[in-house]
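Engineer: Quick one: the structure is below, and I'll ask about it shortly.
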Amino acid sequence: MDRNTNAWNRARYTLWSPLYDLAGKAFDGRRRASLQLLDLKPRERLLVVGAGTGADLPHVPPGVSVVATDLTPAMLRRGQRHLRPGASLALMDGHRLGVGRGTIDAVALHLILAVIPDPVLCLQEAARVLRPGGRVAVFDKFARTTSPSLGLRALNLLTAPLFTEVTRCLEEILERSGAPLTVEHDVPAWRGGLFRHVILRKGV
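In this text, residue positions in the sequence shown follow this note's numbering: the first is 42, and each later residue adds one.
Have a look at this one:
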């Protein structure tokens with residue numbers, strides 16, 4: 042990924058980091074629900090991509106080994122407060138995960154596919170690190186089609202430079218990735234709106 046793009050992402054999320062936990066409180070229950078859908082078992086290995094300040098960590102079941110990654114050092118420094126036995130933080134680019142092929146049981150992509158510059162590459166990397174039969178939990182905002190409404194496109198002009206895209210289509214991302222992932226679960230995170238809970242499973 043382009044160095045300038047990564048530099049911009051680090052810069053904007055460094056600025057957001059002092060407010061990230063406060064702003065993210067509204068998503069706390071949704072993060073918990075997404076991780077519950079993964080049905081994590083003791084001794085499984087979970088990778089959280091784009092973990093920010095580690096807001097997912099308190100909701101990971103005991104006995105699960107978890108690595109929470111982010112591109113922004115300022116986010117990870119704030120994430121130290123969420124660490125517990127079996128959990129660690131790692132500075133990592135979601136486009137190039139420093140994790141071996143087929144070594145992870147589950148991946149959490151919470152509020153990252155609508156943010157990361159190349160969501161297709163991010164999903165490909167998630168599939169690469171998963172063992173056969175492993176699963177991905179996606180919680181994010183997506184347009185339902187590749188031709189979002191004029192209103193949504195107008196909103197995206199405001200939100201994209203600040204923190205997130207609102208016009209990306211998960212189905213398109215999945216198709217373009219060519220990843221061996223199938224949809225097992227797909228429901229709205231809230232009644233109506235853009236947010237969805239999706240579970241993907243890697244073929245065996």
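Backbone N, C-alpha and C fix where the C-beta goes; we use that ideal spot for every residue, glycine too.
Just so it is clear, the structure is predicted and the values come from calculations on it, not from any experiment.
#1: On the three-pair Cβ rule with 8 Å, is the region 137 to 157 touching the region 85 to 93?
#2: Determine the DSSP secondary structure at P173, reduced to helix, strand or coil.
#3: Can you give the beta carbon distance from V107 to G174, rounded, assuming they're within the 8 Å contact cut?
#4: Would S75 pass as a contact of A184 if the rule is Cβ separation under 9 Å?
#5: For S75, name the three-state secondary structure that DSSP assigns.
#6: Whole alpha helix (DSSP H) runs in the region 97 to 180 with 4 or more residues, listed along the chain?
#7: Rounding to the nearest angstrom, what Cα-Cα distance links P160 and F180 in this structure?
#8: Would you call K182 buried or exposed, if buried means 16 or more other Cβ atoms sit within 10 Å of its Cβ?
#9: If you follow the beta strand (DSSP E) that T200 is in, where does it begin and where does it stop?
#10: Does the pairing of the region 206 to 223 with the region 125 to 134 give three or more beta-carbon distances under 8 Å?
#11: Buried or exposed for V67, going by 16 or more other Cβ atoms inside 10 Å?
#12: Can you have a look at D111 and say buried or exposed, based on whether 16 or more other CB atoms are within 10 angstroms of its CB?
#13: Quick check on DSSP: helix, strand or coil for R217?
#14: For T94, which residues does DSSP report across the bridge?
#15: Tell me whether R86 is buried or exposed, calling it buried when 16 or more other Cβ atoms sit within 10 Å of its Cβ.
#16: Please list, in chain order, all residues of the same chain as P83 whose beta carbon is under 7 Å from its beta carbon, the five residues on each side excluded.
#17: Using a 10 Å radius around the Cβ and a threshold of 16 neighbouring Cβ atoms, would you call R232 buried or exposed?
#18: Under 8 Å Cβ to Cβ from G120, same chain only, skipping five residues before and after it: list those, please.
#19: Rounded to the nearest angstrom, what separates C163 and L138 at their Cα positions?
#20: Give me the residue from R73, Y61 and L79 with the minimum Cα distance to R242.
#21: Based on Cα-Cα distance, which residue from A115, V140 and P202 lies nearest to I157?
Structural biologist: Based on what the coordinates show:
#1: yes
#2: strand
#3: So it is not a contact: roughly 19 Å between Cβ atoms.
#4: no
#5: helix
#6: 114 to 120 and 160 to 170
#7: 13 Å
#8: buried
#9: Where T200 is concerned, there is no enclosing beta strand (DSSP E), although the alpha helix (DSSP H) it sits in stretches over L191 to L203.
#10: no
#11: At residue 67 the sequence reads Ala, which differs from the Val that was named. With fewer than 16 Cβ atoms within 10 Å of its Cβ, A67 is classed as exposed.
#12: buried
#13: helix
#14: Paired residues: none, contrary to the question.
#15: buried
#16: G104 and V105
#17: exposed
#18: A92, G93, T94, G95, L98, A109, D111 and L130
#19: 9 Å
#20: L79
#21: P202
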